[in-house]
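Those protein sequences? They're chains W and H, same order as listed. According to our numbering, the first sequence is numbered sequentially starting from 1. According to our numbering, the second sequence is numbered sequentially starting from 278. Quick reminder that beta carbons are idealized off the backbone N, C-alpha and C, glycines included.
2 protein chains.
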Amino acid sequence: MSLKLIEKHRSFGGEQCKYSHYSEVLQCDMTFSIYLPSNKEGKKIPLIWWLSGLTCTDDNFSQKSGFQRLAEKYQAAVFIPDTSPRGEQVADDEAWDLGQGAGFYLNATQNPWAKHYNMYTYIIDELTAIASTLVPNFSGEESIMGHSMGGHGALVIGMKNPARFKAISAFSPILSPSQVPWGIKAFTTYLGEDQTSWKEWDASELVKAANVPPVLIMQGTQDDFYPKQLEETLFLENARKNKQEINYKKMEGYDHSYFFIASFLDDHFAFHMKYLR
Amino acid sequence: MSLKLIEKHRSFGGEQCKYSHYSEVLQCDMTFSIYLPSNKEGKKIPLIWWLSGLTCTDDNFSQKSGFQRLAEKYQAAVFIPDTSPRGEQVADDEAWDLGQGAGFYLNATQNPWAKHYNMYTYIIDELTAIASTLVPNFSGEESIMGHSMGGHGALVIGMKNPARFKAISAFSPILSPSQVPWGIKAFTTYLGEDQTSWKEWDASELVKAANVPPVLIMQGTQDDFYPKQLEETLFLENARKNKQEINYKKMEGYDHSYFFIASFLDDHFAFHMKYLR
Numbered sequence: 001m002s003l004k005l006i007e008k009h010r011s012f013g014g015e016q017c018k019y020s021h022y023s024e025v026l027q028c029d030m031t032f033s034i035y036l037p038s039n040k041e042g043k044k045i046p047l048i049w050w051l052s053g054l055t056c057t058d059d060n061f062s063q064k065s066g067f068q069r070l071a072e073k074y075q076a077a078v079f080i081p082d083t084s085p086r087g088e089q090v091a092d093d094e095a096w097d098l099g100q101g102a103g104f105y106l107n108a109t110q111n112p113w114a115k116h117y118n119m120y121t122y123i124i125d126e127l128t129a130i131a132s133t134l135v136p137n138f139s140g141e142e143s144i145m146g147h148s149m150g151g152h153g154a155l156v157i158g159m160k161n162p163a164r165f166k167a168i169s170a171f172s173p174i175l176s177p178s179q180v181p182w183g184i185k186a187f188t189t190y191l192g193e194d195q196t197s198w199k200e201w202d203a204s205e206l207v208k209a210a211n212v213p214p215v216l217i218m219q220g221t222q223d224d225f226y227p228k229q230l231e232e233t234l235f236l237e238n239a240r241k242n243k244q245e246i247n248y249k250k251m252e253g254y255d256h257s258y259f260f261i262a263s264f265l266d267d268h269f270a271f272h273m274k275y276l277r
Numbered sequence: 278m279s280l281k282l283i284e285k286h287r288s289f290g291g292e293q294c295k296y297s298h299y300s301e302v303l304q305c306d307m308t309f310s311i312y313l314p315s316n317k318e319g320k321k322i323p324l325i326w327w328l329s330g331l332t333c334t335d336d337n338f339s340q341k342s343g344f345q346r347l348a349e350k351y352q353a354a355v356f357i358p359d360t361s362p363r364g365e366q367v368a369d370d371e372a373w374d375l376g377q378g379a380g381f382y383l384n385a386t387q388n389p390w391a392k393h394y395n396m397y398t399y400i401i402d403e404l405t406a407i408a409s410t411l412v413p414n415f416s417g418e419e420s421i422m423g424h425s426m427g428g429h430g431a432l433v434i435g436m437k438n439p440a441r442f443k444a445i446s447a448f449s450p451i452l453s454p455s456q457v458p459w460g461i462k463a464f465t466t467y468l469g470e471d472q473t474s475w476k477e478w479d480a481s482e483l484v485k486a487a488n489v490p491p492v493l494i495m496q497g498t499q500d501d502f503y504p505k506q507l508e509e510t511l512f513l514e515n516a517r518k519n520k521q522e523i524n525y526k527k528m529e530g531y532d533h534s535y536f537f538i539a540s541f542l543d544d545h546f547a548f549h550m551k552y553l554r
């Protein structure tokens, strides 16, 4: 593993860093960002993962959300992966909702995608190993949050690994990818026509499991993608049948942008920290 | 005056808006951004101006600083002009520190710049008239802040209008433009070779005036442009000779980025609000 530090900025007392590395899992060069709080008191530091949405890189959250104020306040490290494999040799599509920038945090099985599009294993294994070397005094406690396609990713990764992730939260997540245009397009492309293979990547299916971590979801009422891509009915219905308590909140007047995320990150960090300490 | 609303996002309870309009002063189409707090209590709202640095537009501060949290907390409106005239018919230069994106907040006297590069009058007259129509329940109280070239702009505009601006603050400002490469290049180009005309746009000269508003300045010690472009000695010396108290702070480890600005906007807003209420 060879990491290269390409940016480091002091931010709210801690450090906002950006690294490049060659990913063995994705077989391409990648970048990611990480915030390390000042840890002036030498305490154990929990780790929160942030997964971004379609077209994003690791920069959107680090530059537009203002999360560093909260990560420093709570003394939590935050790891921000990119949203897909990258590079000229990596399969792509002209559409902005497929290919590079649209990895959907799953492991693809179809060609030409299967070679590089293994974002799930990349995060759950390769980046996890890297994170443990970068977070000094890591407490071992983790949680996960995300936005839109990254909200889908946070729910799927969190619910597939309930022993590991203490809490999950999402802004404007895709909740039923098998039922909505973005998800159907991505799953058909990356996983193939057989919809049985889709179930392990669909939050509305995974919420039927026995052990679901605490979940907070916020959805803006002025979101241009709601409800078409972000329909919540099936997810909430399956959660209710399974007696899973989901904190699903409609936020009046907010849209799909980082202005929405920034406005309520306080609540999301407070929610995560309840379960991380 | 014909304003066109081109973006509106709910943010921290208020509204982050972006407008386009034809500027009579600049003789070109312009955009600007404004934040209007929720004003749930129907109080009088003060107005804070933010001036951005080289290469920026009105988007940098609105998207990267997280200022909306503070504008809502203090119930202040914030007006963010663009940094120069814009458009194909507007004189430009290949260098990033001259021409479009580098208006230096002055009124140019030299051709071909004089026709469009009148950012000072644009802000002090045209945008001011617009602001008064956009801020509901405007208290009439104003202050001004900025970054780098916009820190120079905030100091110059604030000190030229001490009866109007109750406080001035700046991150990493150009303090002695007549002495540093960025300023010498811009002033020679926009104002001509005769340096006597430069004095009215130089903070180190203006700080000799009788009536200087309260000033807070922060400078990061890891700023790549410090001290070459942001040298403070002459400014502070002239302020001291004039018995002007300037709160000039060196911030250990911070660089020239919006990560620095975001980290200390709390302090800047608190400073402004002391004088705005």
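- In terms of Cβ geometry, GLY158 of chain W and ILE174 of chain W do not form a close pair [threshold 9 Å].
- Against PHE259 of chain W, the close residues of chain H are HIS286, ARG287, SER288, PHE289, GLN293, SER339, GLN340 and GLN345, in the order they occur along the chain (beta-carbon pairs closer than 9 Å).
- By the C-beta density criterion, TYR467 of chain H is buried, having at least 16 other C-beta atoms within 10 angstroms.
- The beta-carbon of GLN75 of chain W is placed no less than 9 Å from the nearest beta-carbon of chain H.
- Rounded to whole angstroms, the separation of the alpha carbons of LYS185 of chain W and GLN179 of chain W is 10 Å.
- Taking the C-beta atoms as reference points, GLN352 of chain H is found no nearer than 9 Å to SER263 of chain W.
- DSSP places ASP97 of chain W outside both helix and strand once states are collapsed to three, so it counts as coil.
- Rounded to the nearest whole angstrom, the C-alpha separation of MET426 of chain H and ALA480 of chain H is 12 Å.
- According to the DSSP secondary-structure assignment, LYS8 of chain W is paired through a beta bridge with W:CYS17.
- Interface criterion met: the Cβ of ASP255 of chain W is under 9 Å from a Cβ in chain H.
- Residues of chain W with a Cβ closer than 7 Å to the Cβ of SER540 of chain H are, in chain order, SER11 and PHE12.
- Beta-carbon to beta-carbon, GLU142 of chain W and TRP201 of chain W are separated by about 20 Å, too far to satisfy the 8 Å threshold.
- Beta-carbon to beta-carbon, LYS341 of chain H and LYS64 of chain W are separated by about 6 Å, close enough to satisfy the 8 Å threshold.
- Within the same chain, Cβ atoms closer than 7 Å to the Cβ of VAL433 of chain H are found at TYR382, TRP478, ALA480 and LEU483, the five residues on either side in sequence being excluded.
- Taking C-beta separations shorter than 7 Å and ignoring five residues to either side along the sequence, the partners of LYS476 of chain H in its chain run GLU482, following chain order.
- In the DSSP annotation of this structure, ALA77 of chain W is not part of any alpha helix (DSSP H); the continuous beta strand (DSSP E) holding it starts and ends at 77-81.
- Residues of the segment 206-228 of chain W with a C-beta atom less than 9 Å from some C-beta of chain H are GLY220 and GLN222, listed in chain order.
- ALA444 of chain H and PRO490 of chain H do touch by the CB rule: their CB atoms are close to 6 Å apart, below 8 Å.
- Taking GLN222 of chain W as reference, the option from W:HIS147, W:THR196 and W:SER257 with the minimal CA-CA separation is W:SER257.
- If you draw a straight line from the Cα of HIS424 of chain H to the Cα of THR386 of chain H, it comes to about 24 Å.
- By the neighbour-count definition (other C-beta atoms within 10 Å, threshold 16), ARG363 of chain H is a buried residue.
- With a beta-carbon spacing of about 27 Å, HIS393 of chain H and VAL412 of chain H fall beyond the 8 Å limit used to define contacts.
- CA-to-CA, the gap between SER84 of chain W and LEU54 of chain W works out to about 9 Å.
- Nearest to TYR254 of chain W by C-alpha distance, out of H:SER288, H:TYR399, H:GLU284 and H:LEU282, is H:SER288.
- Comparing C-alpha distances from ASN39 of chain W to each of W:LEU51, W:ASN137, W:LEU234 and W:PHE165 shows the shortest one belongs to W:ASN137.
- Excluding residues up to 5 positions away in sequence, ALA108 lie with their Cβ nearer than 6 Å to the Cβ of ALA114 of chain W in the same chain.
- Residue pairing for LEU36 of chain W: DSSP places it in a beta bridge opposite W:GLU15.
- A direct Cα-to-Cα measurement between ILE538 of chain H and PRO112 of chain W gives close to 44 Å.
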